[in-house]
Amino acid sequence: MEHQPAQLKKTLGPLMLWGLGVGYVISGMYFGWNLGLEKGGTLGLAIATGFIIIMYLAFTFSYTELACAIPKAGGAFDYAMRGLGKNWGFLGGMAQNIEFIFAPPAIAFAIGAYLNLFMPNVPIIAIAIIGYLIFTGLNIYGVRAAASFELIITVIAVIELLIFAGAALPSFEWANLEKNALPNGYAGAFAAIPFAIWFFLAIEGVANVAEETVNPQRNILIGFGSAILTLVVLCILTFCSSVGVAGWEAVVFAEPGAAASDSPLPLALANIYGKNHILYTLVTSIGLFGLIASFHGIILAAGRATFEFGRVGFAPKFLGNIHQKFRTPSNALIFNMVIGIIALFTGKTGDIITIACFGALTLYIVSMVAILQLRKKEPDLERPFKVPFYPITPIIALIIASVAFIAMTVYNPVLAAIYFGILAVSFAWFKLT
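FYI, the numbering for the sequence shown is -16 to 416, going by this note's numbering.
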């Protein structure tokens, strides 16, 4: 391992950035979001998702300004450091690490569950651990190889979602969207927020590879912008074509009284074609690509976030070292893998998703405050891209993210306490050391 200097290799272009941006997120179309239907019903989750789409559009274009002006691997950490100082920089960076480290275990569970259908004798957790070892190894080998793989499986996952929509939409009926649409009243919309966020969680990871991007001031904008627009279209298409088949309960419960399912798309097609139809088999098998795309992509982004923390001394220095041969943050990748595997053994997918969402919302809030502060503090900073309608755009993202954070805290007090506890302990360690 090299100790000084720790410089990452520039190899990424706009197409690979699109692949990473969509790939980080696309598993959210395949599983997890439907758990919000149990909380809020069709209308409750739709309301939550509508506000979250507005938040992500406003946030993404605001964040793009920061990423183009400060193309560093730390993403939100670097922006908060420069705009708000060390303490807020640490908290923003720690929130980013929590999001990126806790999201992959939830996806690994889903990968294990998918493959367990074909290999019932292999435990789900064993499949998840093997997945961690394989994709951490690929990320250590090289960012170009990792990003090329990500692009291929992301394209396959997008095509699969379009095939699903094409198969489901002929059976779409508006009346199915109205069935028991608000089972828990409008309060259900607040309870559904984490699962609406899951549709888009981790797209900000594009900024974490800015340091490995060729001409980042131009290519980050193209990659970010095209990725968020692709994801908004896929979100609306997937939501409507799934629930419109037979109502929200049909894509949450495999049968009355059953536990909530992590496979909404196969459930929707089973209602139309049955489980022996080729389209059902296709979605069930190729749907795995969507999960792998996000799992692999977030591992990549998480490695960069943790690496930057170590490089500047906010975490143990060994995390800021890079592999001498491959020029990748191997120590950070291995460290994150160990934490993720430990999280796997809790066995609580929904709770892990919620904690990751707490980290994401903290990152969004701190980043939007940072962009407002940097405009005042450094008006002459070179900004190759400026967010449209400033300051309205970042303020919209800030307000929605803050309301979502408060709502999640109210509806998940125990998980909120765990999240705040992680932040408090890590911040105390930071101040003392």
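Every residue, glycine too, gets a C-beta built ideally from N, C-alpha and C.
Since the structure is predicted, the reported quantities are computational estimates derived from the model, not experimental observations.
Inset, instruction - Kindly give me the distance between the Cβ atoms of G4 and V189, rounded to whole angstroms, as I take these residues to be in contact under 8 Å. - result: 5 Å
Legend entry - Span separating the alpha-carbon of A384 from that of A407: 21 Å
Legend entry - Host alpha helix (DSSP H) of V397 (start-end): P396 to L415
Inset, instruction - Could you give the DSSP three-state label for F278: helix, strand or coil? - result: helix
Inset, instruction - Please state whether DSSP places G57 in a helix, a strand or coil. - result: coil
Inset, instruction - Take E48 and list the residues in its own chain whose beta-carbon comes closer than 7 Å to its own, dropping the five residues that flank it on each side. - result: I354, R366, F368, K369 and V370
Legend entry - Rounded separation between C218 and P312 - CA only: 32 Å
Inset, instruction - Rank I123, P177, F118 and C51 by C-alpha distance to the C-alpha of I35 and give the top, closest one. - result: P177
Inset, instruction - Please report the Cβ distance between G19 and A179, rounded to the nearest whole angstrom; I am assuming they are in contact, meaning their Cβ atoms lie under 8 Å. - result: 6 Å
Inset, instruction - Look at the Cβ atom of I90, then the Cβ atom of I110, and state whether they are nearer than 9 Å. - result: no
Inset, instruction - Inspect the CB distances between the region 244 to 256 and the region 150 to 157 and report whether three or more fall short of 8 Å. - result: yes
Legend entry - Segments of 3+ residues assigned as beta strand (DSSP E) that fall wholly inside the region 313 to 385: none
Inset, instruction - Determine the closest residue to L100 out of D245, T32 and A233, with distance taken between C-alpha atoms. - result: D245
Inset, instruction - Look at the Cβ atom of C51, then the Cβ atom of I203, and state whether they are nearer than 9 Å. - result: yes
Legend entry - Selection from I382, V352 and P396 that minimises the alpha carbon distance to W71: V352
Legend entry - Contact belief for F155 with V228 at Cβ below 8 Å, rounded distance in angstroms: 7 Å
Inset, instruction - May I have the straight-line CA-CA distance separating Y256 from I9, to the nearest angstrom? - result: 24 Å
Inset, instruction - Could you tell me whether the region 16 to 32 touches the region 258 to 278, where touching means 3 or more Cβ pairs closer than 8 Å? - result: no
Inset, instruction - Just the C-alpha distance for W412 and F292, rounded to the nearest angstrom, thanks. - result: 14 Å
Inset, instruction - Kindly indicate which three-state DSSP category T196 falls into: helix, strand or coil? - result: strand
Legend entry - Pairwise C-alpha distance: G286 and I324: 15 Å
Legend entry - Delimiting residues of the alpha helix (DSSP H) encompassing G180: Per the sequence presented here, residue 180 reads as Ile, with Gly not at that position. Run containing I180: I176 to I180, per the alpha helix (DSSP H) assignment.
Inset, instruction - Could you tell me whether the Cβ atoms of F301 and I348 are closer together than 9 Å? - result: no
Legend entry - Straight-line gap, W231 to K162 (C-alpha atoms, nearest Å): 8 Å
Inset, instruction - Can you tell me which of F328, F147, V321 and A210 puts its alpha carbon nearest to the alpha carbon of L0? - result: A210
Legend entry - Beta-carbon proximity list for G296, same chain, < 8 Å, skipping 5 on both sides: G303
Legend entry - Own chain, CB closer than 8 Å to T376, minus 5 neighbours either side, in chain order: A41, F44, S45 and V370
Inset, instruction - Spatial neighbours of I401 within its chain, please: CB distance less than 7 Å, with the 5 preceding and 5 following residues excluded, ordered by chain position. - result: I338
Inset, instruction - Can you tell me which of the three DSSP states F222 falls into? - result: helix
Inset, instruction - Return the CA-CA distance between A63 and L144, expressed in angstroms with no decimal places. - result: 36 Å
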